[in-house]
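Undergrad:
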Amino acid sequence: MSRVVSWLQKHEHRMFFFVNQRIQHSALDYFFNAITHLGGATAMIIIALCVALFTEGVWRIAGIESCIALAVSHVPVAIIKKKYPRLRPYLVLKGAHTCKKPLTDHSFPSGHTTAIFSVTVPLMLVHSSIAIILLPIASLVGLSRIYLGLHYPSDCLAGLLIGTVTALSAVAILG
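1 is the number of the first residue of the sequence shown in UniProt numbering; add one for each residue after it.
#1: Could you pull out every unbroken alpha helix (DSSP H) segment of at least 4 residues lying fully inside the stretch 111-135, listed in chain order?
#2: If contacts are defined as beta-carbon pairs under 8 Å, then residue 118 and residue 167 qualify, I think. What distance do you get, rounded to the angstrom?
#3: How should residue 152 be labelled, buried or exposed, when 16 other C-beta atoms within 10 angstroms of its C-beta is the threshold for buried?
#4: Could you name the residues of the same chain whose beta carbon sits closer than 7 Å to that of residue 64, not counting the 5 residues immediately before and after it, in chain order?
#5: In chain order, what residues of the same chain have a beta carbon less than 6 Å from the beta carbon of residue 149, not counting five sequence neighbours either side?
#6: Shortest alpha-carbon distance to residue 135 belongs to which of 73, 24 and 39?
#7: Spatial neighbours of residue 109 within its chain, please: C-beta separation below 7 Å, excluding the five flanking residues on both sides.
#8: Report buried or exposed for residue 112, applying the criterion of at least 16 other Cβ atoms within 10 angstroms of its Cβ.
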């Protein structure tokens, strides 16, 4: 089993360093520092509440589903972060680039990635054409977390899964 874990860890570190070091550029620094905030609590709460409060019909329902999914999705995130305290990559991996004010709490899973997928999935299900815009934005938030040295790829993958499953559950219950 340790061989499998070592192999997975080696490849995850390679993926991390590809995103975190190989594609470094000042324009990307600016871009990823900006887009990462779309997955933050403030932006996600405002967006979900605005859709729930200021739209009608299926969009309002999707906004409510987004609010519920956002709230519920952070329960497993908090539990997992406490149970599996994984240090952030910039604290572990030599040469990892990070942002100006890096977080110091645990990295697994990514809360930003969880948040943006929990809010956007119900919206994407209302009208599939909006997925052309929202899916790349949500994915870029996850990628930004790796680029900024704050998360490993598996942190973001776990966040994507938690956010999506929670959103689909909210849609199934309310829909």
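All C-beta atoms, glycine included, are put in the ideal place defined by N, C-alpha and C.
TA: Inspection of the coordinates gives the following:
#1: 111-126
#2: Residue numbering aside, residue 118 sits at position 118 when the sequence shown is read from its first letter. Residue numbering aside, residue 167 sits at position 167 when the sequence shown is read from its first letter. Confirmed, about 5 Å.
#3: Within the sequence shown, numbered from 1, the residue matching residue 152 stands at position 152. With 16 or more other Cβ atoms within 10 Å, it is buried.
#4: Taking the first residue of the sequence shown as position 1, residue 64 is located at position 64. Here the set comprises 52 and 174.
#5: Along the sequence shown, read from residue 1 onward, the residue named residue 149 stands at position 149. Only 20, 89, 90, 96, 97 and 98 meet the Cβ criterion.
#6: The residue given as residue 135 occupies position 135 in the sequence shown. That would be 39, whose Cα lies nearest to the Cα of residue 135.
#7: Numbered from its first residue, the sequence shown carries residue 109 at position 109. Excluding positions up to five away in sequence, the list reads 77, 80, 155, 158, 159 and 162.
#8: If you number the sequence shown from 1, residue 112 lands on position 112. Residue 112 should be labelled buried.
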